[in-house]
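Basically the working numbering = 1-based index in the sequence shown + 638. Virtual Cβ for every residue (Gly too), placed ideally from N, Cα, C. Being a predicted model, the structure only gives us computed values, none of them experimental. Working notes, beginning with the structure itself.
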Amino acid sequence: MRSACIGWAVWLLGFSLVFSEARATSIESTQGDKTPPRVLGWLASLDDGNDEVALQALEFIGEGSLKRQPAIRRRLQSFIKEPRFGRFLNSSNPHTRERSLNLLLIMGEHGKAQASRLREMLVDPETKVRELAARALRAMGSAGEEQIAILGASLKDPNAEVRGAAAFALAAMEGAAKSHAPSLSELLKDPDDGVRGAAVMALMALGTDARTQAPQLGALLLDPNAKIRMAAAQALMAMGEEAREQAPRLGRLLSDSEPSVREAAAHALMAMRTEARGQVHLLAGLVHDPNAGVRMASARALGAMGVEARAHVLQLAILLNDPDAEVRAVAAGAMGSMGAAAGGQVERLVTLLTQDENYQVRRNAAGALGELGDEARRQVPRLEEIIPRLDADLRVEMVTGAAGRNMRMDYSYLLDVMTSLPVHERAFIMAMLIFHSEFPVEQAPRLVDLLAHPEDDVRMAVAGPLRRMGPKIVDRIPRLIELLENKDEDVRRHVLRVLESMGEAAQAAVDPVGRLLKDSDKEVREQAAKTLAAMGDSAKTHAPQLNVLAEEDDATSVRLAALEALGAMRELKGEHAPMLLAMLAYQEPFSDVKTQESLQNMFPSMMQHPDTTAAEVHARAGTTLASMAPLGMDAIAAILAMASKEPQGRAEWLVRAHIAGGGVRRTELLLQWLVGRTASELPQAPALDDAREALMAFNDLWPYTKEHAGLRDDLAQQIARVTSLFSGRWSESDVELLAVHAMNLQEFYPMHAENLRSAIGQSERWRKATAFFWVLVTHSFFWILLLYFYPRFPQVQAFFFWSPWVRRFTGFGYVGLLLTWVPFLRRRLLSPFKYLLVADAELAKFDPATYFKESMVSSPVSRKTESLTSAIPQLKGPSILEGASGLGAVPD
């Protein structure tokens, strides 16, 4: 039941989006090439990290939207070239491969980039995958035809499985593979049963396109191998009347020694119908065949030829007494097509109808009597007495037997019978009216009048064909408007459904339908809203009433239908979003199954029409909400909460979240981390700016998760995860945001809060260290600049270098030390005064001999000062003479 609801929700979302796009085309076309937000969100879901979400998005993208939205077409054309799509095609999951192939089927010739890859899929172990691959190739046109040629070569592959798969693939291509009909005919000689069967299927799929092979197949009817003869006969059966020239050979096969060959030949002649009339006497001779399958095939063939086989009614009648019930059933059904010639067998058919123990025999006998009509009543007058005593389904079969065989149908008589039968015996006619019969438009007046029938099952039955007629019966709108005034609420509801099927063609009934928005019955109000939604822009005049209904009606289903109608009219406003959000929290009054069953037993009338299920409300509200894109974080939170509550439908809800976000960057970053993402789905190497913006989005979302525990748990975990990825690298403004997150997490997630505080501490330390580093770099660069300008600007020399206090405080201590001990810096410091010092030294007058003779030295041991010439003679052993070098080798 759950999977069915999910499937229904997927269809609903896809249909709603396509419908809303179609409704908005005229308005959006006036806005240039600007892509609507909901389409941007829709496309963003293709880039979701979860493959299931992307695949679900592919299911939502229908062929209609592809044609209407250039952005969608361009995105899909690039998407099918991406490695990710290639991974989908190579998935081990058959369903994933099928969904990928469905996209290629939609893309047609635009999917030709994957044509070569489909060659491998044509031999896929899954039949459905092979079929879709072949159909996709066929849709690609010339690009696919290249692969069809290669596929034709595979028919000669040494591996039987490959040959069979290639034949099956060609079968799916139908007429596109007609050039390979000769090769397929050759495969009928294949020693492998599976390959022959595949070749037969391919030739059957080609049908009349394979008619050129009829002579070759006719030759195979003479093959000594019985299996080949049978396969050839089956292939000829697919060609039907086009293979009429092979009827004589098939007639000879009716006496084949193998029962399977005789049965296949009889079926082939059956497909030729009257074109095989020359073989009727041979078919009639098979009624004595010892094999039940052959006798059954004979009866089918005689029935298909109808009155052309009337001369052999007596032989066919033999099978009415056949010991095999299936043979009797087929023979009884065939007897009805013999016309007046079968009049002598009416008594036997009546016996089968009333006495045979097999239900299918009785039913086919009833159908045959129904086809024989007046002839049957003339032959057996007591039939009128027998009919009322029959089971209801057998009486229905007598009335509708001809229609079931694609023959005449007296629709007026059918309606007479239905309205005259007791209530408990109408089931079969009602089912046929609702689901099967295609009533002619000429019957519309009577069908419309029957909408006012006192019995609701009759009204429901006739509403089916009326809805299928749709706009064809606009001339009945005046009468339908009259019926909207009927006192019975069921009548009004059925009439509204018929008007809904007419769509915009029923705009003449807009006002009468609008008045029913105030009807006392909630189901009528709901259906009135749905009908107005289908009527298009002409119903916009009732938007105010729909607004009132959406706000004030006490029935959830009515409020939801009103909101959907406003959405179809493009009249949804911001104030409607809270209403839809509230519906995402809707719970059924009695969600417990046992409680529902007890109420059903105690109060069947009350539970006969239960209110809309929670799953339906959620899906419809979520779809309508998403169509209002772009939405705020409150709506995104509610949609994500549904993804958390319904894990099986997570992909659908995530697609809705993408759509509701309208492709906005912050929302998309948020969705990369939520909900329930596995490690492989999460961003693997996010940029710091993306992580920062994701944290901002988390902060925007947090206040709206209060009522959604599952979503809040996931959000708390992702806040901690993103924070830890860049621990120590957050800026000062980021730290403020992290502090807010830590405060939010403290009450219910203290461990995550502590991790955030630790990250804040690391970021603070890192920030201080970084700040100190840059201060030091800046200070050093400042002094380097000063050293650069120092020789050129006396102001710099005076203020920074010859003022000890300035140098001490602005140099942070290390500048003075470096100036003293680094030779390069020392020379740089003295370089402005080099020539002044040289001038003061009076080098022109310098006498080296006098200079050293008069020099005074001091011994570090004796502490005695004396002249250099006196001290040198006293030295013993190696000695070191320390002294100022003066100017050294200063150039002139």
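Item to check | Bridge partner(s) assigned by DSSP for Val-1495 | outcome: Glu-1504, per the DSSP bridge assignment.
Checklist entry - Would you say Ser-1265 and Gly-1205 are within 7 Å of each other, going by their C-beta atoms? => result Contact: yes.
Item to check | Endpoints, the alpha helix (DSSP H) within which Tyr-1387 is located | outcome: Looking at the DSSP string, Tyr-1387 is not in any alpha helix (DSSP H), and its letter there is neither H nor E.
Checklist entry - What's the C-alpha gap between Ala-1200 and Glu-758? => result Just so you know, the alpha carbons of Ala-1200 and Glu-758 end up roughly 50 Å apart.
Item to check | Test item: CB-CB of Ala-1003 and Leu-1028 under 7 Å | outcome: It is not a contact, given that the beta carbons lie outside the stated cut-off.
Item to check | Lys-612 (DSSP reduced to helix, strand or coil) | outcome: It is not possible to answer for residue 612, since the shown part of the chain is limited to 639 through 1530.
Item to check | Length of the line joining the Cα atoms of Glu-901 and Pro-862 | outcome: Glu-901 and Pro-862 have their C-alpha atoms roughly 17 Å apart.
Checklist entry - Given Glu-946, which residues of its chain have a CB within under 6 Å of its CB, disregarding the five upstream and five downstream residues? => result Correct list, in chain order: Thr-912 and Arg-915.
Checklist entry - How many Å lie between Gly-931 and Val-965 at the Cα? => result Rounded to whole angstroms, the separation of the alpha carbons of Val-965 and Gly-931 is 8 Å.
Next on the checklist: Our contact map puts Val-1360 next to Leu-1333 with C-beta atoms below 8 Å; I'd like the distance itself, whole angstroms only.
Outcome noted: Their Cβ separation, rounded to whole angstroms, is 6 Å, which keeps Val-1360 and Leu-1333 in contact under 8 Å.
Checklist entry - Where does Thr-765 land, buried or exposed, given buried means 16+ other C-beta within 10 angstroms? => result By the neighbour-count criterion, in which a residue is buried when 16 or more other Cβ atoms sit within 10 angstroms of its Cβ, Thr-765 is exposed.
Next on the checklist: Below 6 Å, is the gap between the Cβ of Leu-841 and the nearest heavy atom of the ligand PLP?
Outcome noted: With respect to the ligand PLP, the structure offers nothing, as it holds no ligand at all.
Next on the checklist: Are the CB atoms of Ala-1181 and Leu-1170 within a distance shorter than 7 Å?
Outcome noted: With contacts defined by Cβ atoms closer than 7 Å, Leu-1170 and Ala-1181 do not form a contacting pair.
Next on the checklist: Contact defined as beta carbons within less than 8 Å: I believe Ala-978 pairs with Glu-1013. What is the distance between those atoms, to the nearest angstrom?
Outcome noted: Here Ala-978 really is in contact with Glu-1013; their C-beta atoms are around 6 Å apart, less than 8 Å.
Checklist entry - His-1256 by DSSP, collapsed to three states: which one? => result When secondary structure is reduced to three states using DSSP, His-1256 falls in the helix class.
Checklist entry - Is Ser-1282 buried or exposed, if buried means 16 or more other CB atoms sit within 10 Å of its CB? => result Result: buried.
Checklist entry - At which residues does the alpha helix (DSSP H) containing Gln-983 begin and terminate? => result Note, Gln-983: premise wrong, no alpha helix (DSSP H); not H, not E.
Checklist entry - Roughly how many whole angstroms lie between the Cα atoms of Val-878 and Gly-845? => result For the record, residue 878 in the displayed sequence is Gly; it is not Val. C-alpha separation (whole angstroms): 8 Å.
Next on the checklist: Excluding the 5 residues flanking Ile-1111 on each side, which residues of the same chain have their C-beta closer than 6 Å to its C-beta?
Outcome noted: Ala-1082, listed in sequence order.
Next on the checklist: Can you list, in chain order, the residues of its chain with a C-beta nearer than 7 Å to that of Ala-1275? Leave out the 5 residues immediately preceding and following it.
Outcome noted: Taking Ala-1275 as the centre and dropping the five residues before and after it, the same chain places the C-beta of Leu-1339, Tyr-1342, Thr-1343, His-1346 and Leu-1349 closer than 7 Å to its C-beta, in chain order.
Next on the checklist: Closer than 8 Å is the cut-off here; do at least three beta carbon pairs connect the region 1141 to 1154 with the region 1109 to 1127?
Outcome noted: Taking 8 Å as the limit for Cβ pairs, the verdict is that the region 1109 to 1127 does touch the region 1141 to 1154.
Next on the checklist: On the criterion of 16 or more Cβ atoms from any shown chain inside 10 Å, does Thr-1305 qualify as buried, or is it exposed?
Outcome noted: Counting C-beta atoms within 10 angstroms of its own C-beta, Thr-1305 has 16 or more neighbours from the protein chains shown and is therefore classed as buried.
Item to check | CA-to-CA distance, Ala-869 to Arg-849, given in whole angstroms | outcome: Taking the straight line from one Cα to the other gives about 15 Å.
Checklist entry - In this structure, does DSSP put Ala-904 in helix, strand or coil? => result Of the three classes helix, strand and coil, the one that applies to Ala-904 here is helix, per DSSP.
Next on the checklist: If distances are taken between C-alpha atoms only, which option among Ala-774, Glu-1120, Thr-989 and Val-999 comes closest to Arg-1020?
Outcome noted: Comparing Cα positions, the closest option is Thr-989.
Next on the checklist: Could you give the first and the last residue of the continuous alpha helix (DSSP H) run that contains Gln-1355?
Outcome noted: First-last of the alpha helix (DSSP H) with Gln-1355: 1347 to 1363.
Checklist entry - If you drop the 5 nearest sequence neighbours on each side, which residues of the same chain put their C-beta closer than 8 Å to that of Asp-828? => result Counting only Cβ-Cβ distances below 8 Å, and skipping sequence neighbours, we find Ala-798, Arg-801, Arg-834 and Ala-837.
Item to check | Reference Pro-675; option with closest CA among Glu-1520, Glu-1385, Leu-1269 and Pro-1511 | outcome: Nearest of Glu-1520, Glu-1385, Leu-1269 and Pro-1511 to Pro-675, Cα basis: Leu-1269.
Checklist entry - Going by the CB atoms, is the gap between Val-1136 and Leu-1104 shorter than 7 Å? => result In this structure, Val-1136 lies closer than 7 Å to Leu-1104 by Cβ.
Checklist entry - Exposed or buried, Asp-1485, counting other C-beta atoms within 10 Å across all chains shown (16 or more means buried)? => result Asp-1485 should be labelled exposed.
Next on the checklist: In whole angstroms, give me the CA-to-CA distance for Met-1207 and Ala-1172.
Outcome noted: When rounded, the distance between both Cα atoms is 9 Å.
Next on the checklist: Please give me, in chain order, every unbroken run of the alpha helix (DSSP H) with length at least 4 that falls completely inside the region 1111 to 1194.
Outcome noted: The region 1111 to 1194 contains, as complete alpha helix (DSSP H) runs of 4+ residues, the segments 1115 to 1121, 1127 to 1140, 1148 to 1153, 1160 to 1172 and 1181 to 1190 (chain order).
Next on the checklist: What does the Cβ neighbour count give for Gln-1322, buried or exposed, with the cut at 16 atoms within 10 Å?
Outcome noted: Exposed.
Checklist entry - Out of Arg-1403, Ser-1441, Trp-1404 and Gln-1355, which has the shortest C-alpha to C-alpha gap to Ala-1391? => result Closest option to Ala-1391, Cα to Cα, is Gln-1355.
Next on the checklist: Do Pro-1150 and Ile-1119 count as a contact pair if the criterion is CB distance below 7 Å?
Outcome noted: With contacts defined by Cβ atoms closer than 7 Å, Ile-1119 and Pro-1150 form a contacting pair.
Checklist entry - Rounded to a whole number of angstroms, what is the C-alpha to C-alpha distance between Asn-1337 and His-733? => result Cα-Cα distance, rounded: 38 Å.
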